[in-house]
Structures are given as structure tokens and as C-alpha cells.
Amino acid sequence: MAEVLDEALAERLARIALGHVGQEWPQKLDHVLTGPADLQAPSVLHPLFHGSFDWHSCVHAHWMLARLLRRFPQMPGAGAIAARFDAAFTETGVAAECAYLARPSSRGFERPYGWAWLLKLQAELDALPNPVWGARLAPLAEVFAARFRSHLPMADYPSRAGMHTNTAFALMLAADWAEAQDPALLALIRETAWRWHAEDRDAQAWEPSGEDFLSPTLMEAACLARLIPAARFAPWFDRFLPWIGARRPAALFTPARVSDRTDGRIAHLDGLNLSRAWCWRILAGTLQGADMRRAVMEESAAAHLAASMPHLDDHYMGGHWLASFALLALDDAGGTTA
1 MAEVLDEALA ERLARIALGH VGQEWPQKLD HVLTGPADLQ APSVLHPLFH
51 GSFDWHSCVH AHWMLARLLR RFPQMPGAGA IAARFDAAFT ETGVAAECAY
101 LARPSSRGFE RPYGWAWLLK LQAELDALPN PVWGARLAPL AEVFAARFRS
151 HLPMADYPSR AGMHTNTAFA LMLAADWAEA QDPALLALIR ETAWRWHAED
201 RDAQAWEPSG EDFLSPTLME AACLARLIPA ARFAPWFDRF LPWIGARRPA
251 ALFTPARVSD RTDGRIAHLD GLNLSRAWCW RILAGTLQGA DMRRAVMEES
301 AAAHLAASMP HLDDHYMGGH WLASFALLAL DDAGGTTA
């Protein structure tokens, strides 16, 4: 039976996130020390996002909570989510996060993964009936939007990694905010995606690597599906992955095996399964009529979900972030921004 996002599952995902968004330790910092004064606790450096093991996981846990609150406003955990947002999204906390980014040594902080997740969170907060949380976080979102505006024109090459530096993933997420708030940035995101990937074809899909949580191949395809017009995407996709009907490259249709979920890097492979399911659903949505590739994609999405949905909180090394990727796969695969 296919996994469906209903209120019961939403409550389960919310409880996972509420259990760790305020948990300061253990903590993995992305922090440059320029002197003794920089030796500060995570909650001092990042009063908003010091839980969930690392900054970006805390950001996308809050995105997940916002998304669930919008989708299921009457869910049992709705009050706890609202209370968390009231406590977390304060003017003083946002000012401190902005001040951290103003440090010269923070120029590359969380680029591009955390930048994109923060903008996706902002877009979700802006869509909620309560305008206060989004209004409070907005100055931080603008800092990251400005960084995208500055960085993309000088980024001559994409990053095709299966981890945090993957640029296709970042462009997809950042586009949510840009579509609503900044048409010029959205145009830059679209132009950059096409500039980086227009000539790609016959993807070999040498993946996964042992620590991937993103598919470099499928993420690129999903990125262009979301960002360029359908008339341009369809022939590009036919060139990029011409053998989908034959389930080739085979690696893309085979869920990754996770040998040790207590190992934080190996546990990334559960995220790979979930993010592949997300990509396959996006790509299936681009096909029209009786295109036989659609069934192949949908079957692959279901297989990848089945491999990792039972393991979202087996261990904290996955539990602090996997639920967000499950929500992407189940509830963020419709439509395009093109």
C-alpha cells in the first residue's frame, strides 16, 4: 500500500521534529574561529537554530513543522508547533542570527544548502494564516536572498555532489521564496540552472556514493523540471535520461541499502531513498497521457519510500533530519515554478 500523508502521519512527523528542534547537544557546528571570543555555545551563536544536531537540520525541521501546520491546522500537535514558533521566532533571535552572518568569516556559512532551506522555511511561514512568524524571520531570509544574488553570477560551475553542496537542490528550494517575493532572483535561478545543465545528456548515474543523501542525477533533472518551461524541459529530459522505460541506469531504480543507521554518514542513504522518491514523483508529474515512463517512475518512487519510511527515527543520526525528507517526498512533488 502506498504511503499517504494523512493527519496521523503528520502528527508522527511533527512529534519527531518537536523532540529535537530545541535539543542543543550533540551539536555539529559550521563555525570559523577567529579568536578566543568565538568560543561560544551553539545557543549563543544561533539562538534560533541551535537544535537538531546542526543548523541546517534545525531550519528544515522548522520548515516541516510549518508545512504540517498549514496542511493540518487541527492536528493534535498544532498547539505545540505554534508555541515553538512563538518561542523561536523572536526579533532578538533573528537579529543575532543576522549578526552572525555579518562576520567576515561567515561568508560561506551553510552555502548553499542552509541558504536554500532558510528561504524555503520563509516561504512556508509566509503562507501560514499567522503573519507574525514570517514577518519576524524575514530579515534573515533577505540576507540569504542577497547571498544568492551575489553568488550565482560568479558560480561558473554547478556542484554535482550527493550531499550538502549540491546546487540543483539549492536552486529548487530557493525558488519557492523567490517566486513569491523576488521575480528577479527567480529569473536568475532559472538562468543559472539552464546555464549549468543545458548541455548535459546521457547521464551515467554513477551513484550512490557511500554517504549520499541526494541523487546528483535525479536532482538535476528535478531541478530543471521545476525551473524551466515544459516545452524546453521535455526534449532536454529525453536526452538526459533516454532509457527510463528500460529502467536504466539501473542504479536509479534500486533503493540504497543502509548497513548501519547509527553511523551518521551511512544513515545519509536513507535520505537518498527519500529524496529519490521526491524526484521521481516530480518527474512523473511532467509526463502526459499514457507515457509508460510514468508508471516506471511511480513504481520506483514507491520502492524508495518503502525502503526508508520505517526508519525515520531509528537513531538520532537519522532522526534529527530524515522526517523532513519524508515530507518532501510525500507532500512537495506537485507542480512547477516555470
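If you're matching positions, the sequence shown starts at 1 in my numbering and goes up one per residue.
Where a beta carbon is used, it is the ideal one built from N, C-alpha and C, also for glycine.
All figures in this text were calculated on a predicted structure; none of them were measured in a lab.
Through-space distance from residue j to residue i, alpha-carbon basis
| i | j | result |
| --- | --- | --- |
| asparagine 151 | glutamate 199 | Residue identity check: residue 151 is histidine in the sequence provided, not asparagine. Cα-Cα distance, rounded: 22 Å. |
| methionine 1 | glutamate 142 | Reliability fails at methionine 1, whose pLDDT of 47 lies under 50, so the model's placement of it is uncertain and no value is given. |
| arginine 111 | alanine 155 | 12 Å |
| phenylalanine 148 | leucine 185 | 8 Å |
| threonine 337 | alanine 102 | With a pLDDT of only 40 at threonine 337, under 50, the local geometry of the prediction cannot be trusted, and the value read off the model is given with reservation. Those two C-alpha atoms are separated by around 31 Å. |
| glycine 335 | glutamine 40 | The predicted model places glycine 335 with a pLDDT of 40, which falls under 50 and marks its position as unreliable; any figure quoted below should be read in that light. Distance between the alpha carbons of glycine 335 and glutamine 40: 43 Å. |
| leucine 330 | glycine 108 | 31 Å |
| histidine 320 | histidine 50 | 12 Å |
| alanine 180 | alanine 87 | 26 Å |
| methionine 297 | lysine 28 | 36 Å |
| proline 224 | alanine 174 | Position check: residue 224 holds leucine in this sequence, whereas proline was assumed. Roughly 13 Å between the two C-alpha positions. |
| serine 300 | proline 310 | 17 Å |
| aspartate 6 | leucine 328 | 14 Å |
| phenylalanine 85 | tryptophan 63 | 11 Å |
| alanine 307 | glutamate 3 | 11 Å |
| alanine 284 | phenylalanine 237 | 12 Å |
| leucine 45 | serine 52 | 15 Å |
| aspartate 182 | proline 104 | 26 Å |
| histidine 315 | aspartate 263 | 9 Å |
| arginine 160 | alanine 205 | 11 Å |
| arginine 71 | leucine 121 | 15 Å |
| aspartate 30 | proline 235 | 40 Å |
| serine 275 | alanine 178 | 22 Å |
| methionine 75 | cysteine 58 | 21 Å |
| aspartate 332 | glutamate 24 | 28 Å |
| alanine 302 | serine 43 | 39 Å |
| arginine 190 | proline 153 | 12 Å |
| aspartate 291 | proline 242 | 13 Å |
Test item: CB-CB of residue i and residue j under 8 Å
| i | j | result |
| --- | --- | --- |
| phenylalanine 89 | leucine 137 | yes |
| glycine 318 | arginine 265 | no |
| phenylalanine 240 | alanine 203 | yes |
| asparagine 166 | leucine 214 | yes |
| alanine 250 | leucine 269 | no |
| cysteine 279 | alanine 230 | no |
| arginine 293 | isoleucine 244 | yes |
| leucine 119 | alanine 145 | yes |
| aspartate 176 | alanine 123 | yes |
| proline 131 | valine 94 | no |
| alanine 233 | threonine 286 | Reading off the sequence, residue 233 comes out as phenylalanine, not alanine. Cβ atoms of phenylalanine 233 and threonine 286: closer than 8 Å. |
| tryptophan 194 | proline 158 | no |
| alanine 96 | proline 47 | yes |
| leucine 69 | leucine 128 | yes |
| alanine 80 | leucine 125 | no |
| alanine 267 | valine 258 | yes |
Endpoints, alpha helix (DSSP H) assigned at residue i
| i | result |
| --- | --- |
| lysine 120 | 113-126 |
| valine 296 | 292-308 |
| arginine 239 | 230-240 |
| glutamate 220 | 216-227 |
| tyrosine 316 | 316-319 |
| asparagine 273 | 268-284 |
| proline 42 | 42-45 |
| glycine 77 | Per DSSP, glycine 77 belongs to no alpha helix (DSSP H) and is neither H nor E. |
| phenylalanine 144 | 131-151 |
| glycine 93 | 91-101 |
| methionine 64 | 55-71 |
| glutamate 191 | 183-197 |
| alanine 256 | Element bounds for alanine 256: n/a, residue is neither H nor E. |
| serine 324 | 322-331 |
| isoleucine 244 | No alpha helix (DSSP H) holds isoleucine 244; DSSP gives it neither H nor E. |
| leucine 13 | 7-18 |
Supposed close pair residue i, residue j - CB separation, criterion 8 Å
| i | j | result |
| --- | --- | --- |
| glutamate 207 | threonine 217 | 6 Å |
| valine 21 | alanine 83 | Incorrect: roughly 12 Å between the Cβ atoms, too far for contact. |
| tryptophan 133 | histidine 56 | Between histidine 56 and tryptophan 133 the Cβ distance is about 19 Å, and since that is not below 8 Å, they are no contact. |
| serine 106 | tyrosine 113 | That belief does not hold up - the Cβ atoms of serine 106 and tyrosine 113 are roughly 15 Å apart, past 8 Å. |
| leucine 171 | leucine 227 | 7 Å |
| glycine 408 | serine 209 | Since the displayed the chain opens at 1 and closes at 338, residue 408 lies outside it and no answer follows. |
The stretch 8-15 contacting the stretch 34-43, beta-carbon criterion three pairs below 8 Å:
Flag = no, the stretch 8-15 and the stretch 34-43 do not touch.
Contact between the stretch 310-327 and the stretch 11-27 (3+ Cβ pairs under 8 Å)
yes
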